């Protein structure tokens with residue numbers, strides 16, 4: 517049996533302290549970006565991710581943006 521206070525799912529780095537809605541928005545932006553930008557140059561992916569996060573009003577740190585841009589570029 518799982519303790520209700522136990523952390524049993526990963527927490528995304530770079531989005532500490534955000535509520536479930538912000539986390540869901542972050543995950544949604546990244547999932548959509550994977551579909552749209554897979555295999556594109558990392559610089560392009562980083563620019564597009566930055567724009568998407570700014571337009572959505574979701575805060576994410578630069579290190580996480582860069583890591584996700586590399587990941588999506590390499591898919």
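Numbering (our numbering), first residue to last: 517 to 591. C-beta atoms are modelled at their ideal positions from N, C-alpha and C, and glycine is treated no differently. These numbers were taken from a predicted model, which means no experiment stands behind them.
Going by Cα to Cα distance, which pick from 574, 554, 541, 539 is closest to residue 586? Checked all of 574, 554, 541, 539; the closest Cα to residue 586 is 554.
Ignore the nearest five residues each way along the sequence and tell me which others in residue 591's own chain have a CB closer than 7 Å to its CB. Excluding five sequence positions before and after residue 591, the CB atoms of its chain that fall closer than 7 Å to its own CB belong to 550, 554, 555, given in chain order.
Could you give the DSSP three-state label for residue 532: helix, strand or coil? In this prediction, residue 532 scores a pLDDT of 47, lower than 50, which makes its location untrustworthy; no coordinate-derived value is stated.
Please classify residue 584: is it buried, with 16 or more other beta-carbons within 10 angstroms of its beta-carbon, or exposed? With 16 or more Cβ atoms within 10 Å of its Cβ, residue 584 is classed as buried.
Reference residue 582, options 571, 552, 573, 546, closest by Cα: When each option's Cα is compared against that of residue 582, the closest is 546.
Nearest-angstrom Cα distance between residue 560 and residue 580? One C-alpha to the other measures close to 16 Å.
Among residues of its own chain, excluding the 5 on either side of residue 588, which ones have a beta-carbon nearer than 7 Å to its beta-carbon? Hits under 7 Å: 549, 550, 553, 554, 561.
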